[in-house]
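Under the UniProt record's numbering, the first residue of the sequence shown carries the number 1, and numbering increases by one thereafter.
Don't be surprised by glycine CBs; every beta carbon is placed ideally from N, CA and C.
Heads up: the structure comes next, in structure tokens.
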Amino acid sequence: MFKQLQSYFPSFKDGFFTTSDNVKIHYIEAGTGEPLILTSGWPTTPCIFAYNLEALAKHYRVIAIETRGTGESEKVTYGYRVSRTAKDVYDMLIALGITKANFIGHSMGCSTLWAFIDLFGQSMINKLILVDQSPWLWSNVAESDESMDLHAGHRGNPYGLYNAFVQSWDVGNTAFTEPEYWPTAWSSIENSTEDSLKVMALEAEYRQQNNYPREALARLLVNHYMTDWRDIIQIISVPTLIITGSYSHAINAQTTEWMHNAIKGSKLIVFGNNEGGNHIMMANSPEKFNREVLNFLTK
Numbered sequence: 001m002f003k004q005l006q007s008y009f010p011s012f013k014d015g016f017f018t019t020s021d022n023v024k025i026h027y028i029e030a031g032t033g034e035p036l037i038l039t040s041g042w043p044t045t046p047c048i049f050a051y052n053l054e055a056l057a058k059h060y061r062v063i064a065i066e067t068r069g070t071g072e073s074e075k076v077t078y079g080y081r082v083s084r085t086a087k088d089v090y091d092m093l094i095a096l097g098i099t100k101a102n103f104i105g106h107s108m109g110c111s112t113l114w115a116f117i118d119l120f121g122q123s124m125i126n127k128l129i130l131v132d133q134s135p136w137l138w139s140n141v142a143e144s145d146e147s148m149d150l151h152a153g154h155r156g157n158p159y160g161l162y163n164a165f166v167q168s169w170d171v172g173n174t175a176f177t178e179p180e181y182w183p184t185a186w187s188s189i190e191n192s193t194e195d196s197l198k199v200m201a202l203e204a205e206y207r208q209q210n211n212y213p214r215e216a217l218a219r220l221l222v223n224h225y226m227t228d229w230r231d232i233i234q235i236i237s238v239p240t241l242i243i244t245g246s247y248s249h250a251i252n253a254q255t256t257e258w259m260h261n262a263i264k265g266s267k268l269i270v271f272g273n274n275e276g277g278n279h280i281m282m283a284n285s286p287e288k289f290n291r292e293v294l295n296f297l298t299k
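Written out as structure tokens, the structure is:
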């Protein structure tokens with residue numbers, strides 16, 4: 001395991017499995033009881049849950065997967081689509097003999113879980129937790145502003161982002177702050193706590209040590225950016241918790257309400273401005289995040 005992670009996850013152990021398309025995928029695991037699977041965003045890893053996994057592993061068998069091309073997973077050149085990330089999760093469940101689990105997705109990790117539902121249905125899902133992801137980041141150029149706001153989309157430039165990340169991580173990350181590429185930008189990150197800034201620094205160090213394939217991951221970003229999951233959200237029937245931040249760059253209040261209404265019986269938790277309610281609220285307010293997750297899973 002990444003040495004710097006061990007101080008955050010002392011009880012966790014490494015694991016690897018091989019996917020159906022022959023890719024070696026890394027995950028970390030700790031705890032006993034019902035499985036709780038965590039899927040991270042782009043291009044993050046379990047580092048993003050640095051202040052959450054140990055608390056959750058006291059109650060569940062926690063398994064956090066690293067997307068192909070990230071962390072210690074194999075750096076292949078193929079399979080960089082959201083649908084394939086979902087198949088990788090499915091392959092992991094089969095490899096570990098898991099027939100049913102609870103799932104938490106953050107950011108693109110939600111898209112992975114929506115693709116999982118699209119491909120494999122909901123019979124393997126006990127409870128579902130969706131953290132801060134809109135159902136469609138892009139927008140049809142003919143779409144009205146009102147319609148676009150309902151899915152937190154924007155008329156950005158996904159291939160501009162692709163080209164920026166192909167150049168370098170620094171150029172790509174700068175593009176995330178420019179309205180031409182991502183109109184809602186990453187300004188909300190400015191309100192992060194010291195702990196969440198440590199988490200982002202940990203992610204950056206992990207990425208640097210493992211030489212992530214920028215072009216391949218940029219393809220995955222474009223696929224994530226342009227895929228519309230609204231039809232899948234409307235058929236979700238398992239118990240679902242939606243968590244978001246009041247000033248997140250990734251979603252807005254209209255979209256959050258739409259998702260909450262579309263998923264019958266879902267529960268909605270919004271982290272406020274004084275609770276670090278941006279895209280990484282789990283690091284800004286870990287005690288509240290852990291408490292809300294455990295309350296939902298145990299009821």
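Scanning its chain for C-beta atoms nearer than 7 Å, with the 5 sequence neighbours on each side dropped, one finds around S11 the residues A30, E54 and A57, in chain order.
Taking C-beta atoms under 8 Å as the contact rule, T193 and G276 qualify, at a distance of about 5 Å. Between T227 and V82, the gap from beta carbon to beta carbon is short of 8 Å.
The C-beta distance from L150 to A101 rounds to 30 Å, too long to meet the 8 Å contact threshold. Here DSSP, grouped into helix, strand and coil, assigns H260 to helix. For P158, the enclosing alpha helix (DSSP H) begins and ends at P158 to Q167. Of the residues S144, D21, A64 and F289, the one whose Cα lies closest to the Cα of F9 is A64. Remark: C-beta atoms of N126 and E34 approach each other more closely than 8 Å. Assignment of Y78 by DSSP, reduced to helix, strand and coil, places it in the coil class. Taken in chain order, the complete alpha helix (DSSP H) segments of 4 residues or longer contained in the region 223 to 279 are 230 to 233 and 253 to 262. A distance below 7 Å between beta-carbons, with the five flanking residues on each side excluded, links T112 to the following residues of its chain, in chain order: T39, V82, T85, A86, V89 and G105. Cβ neighbours of C47 within its own chain (closer than 7 Å, five residues either side excluded): L5, V199, L202, E203 and Y206. Here W229 has W114 and P135 as same chain residues with Cβ atoms under 6 Å from its own Cβ, once five neighbours each way along the sequence are excluded. In the same chain as G272, and ignoring 5 residues on each side of it, the C-beta atoms closer than 7 Å to its own belong to S246, in chain order. The DSSP-derived three-state label of Y181 is coil.
Where E29 is concerned, the enclosing beta strand (DSSP E) starts and stops at K24 to A30. CA-to-CA, the gap between G15 and F165 works out to about 29 Å. Under the three-state reduction of DSSP output, K13 falls in the strand class. In chain order, T85 place their CB closer than 6 Å to the CB of T67, counting only its own chain and leaving out the 5 sequence neighbours on each side. Annotation for H224: W42, V82, M108, S111 and L137 place their beta carbon closer than 8 Å to its own, counting only its chain and skipping 5 residues before and after.
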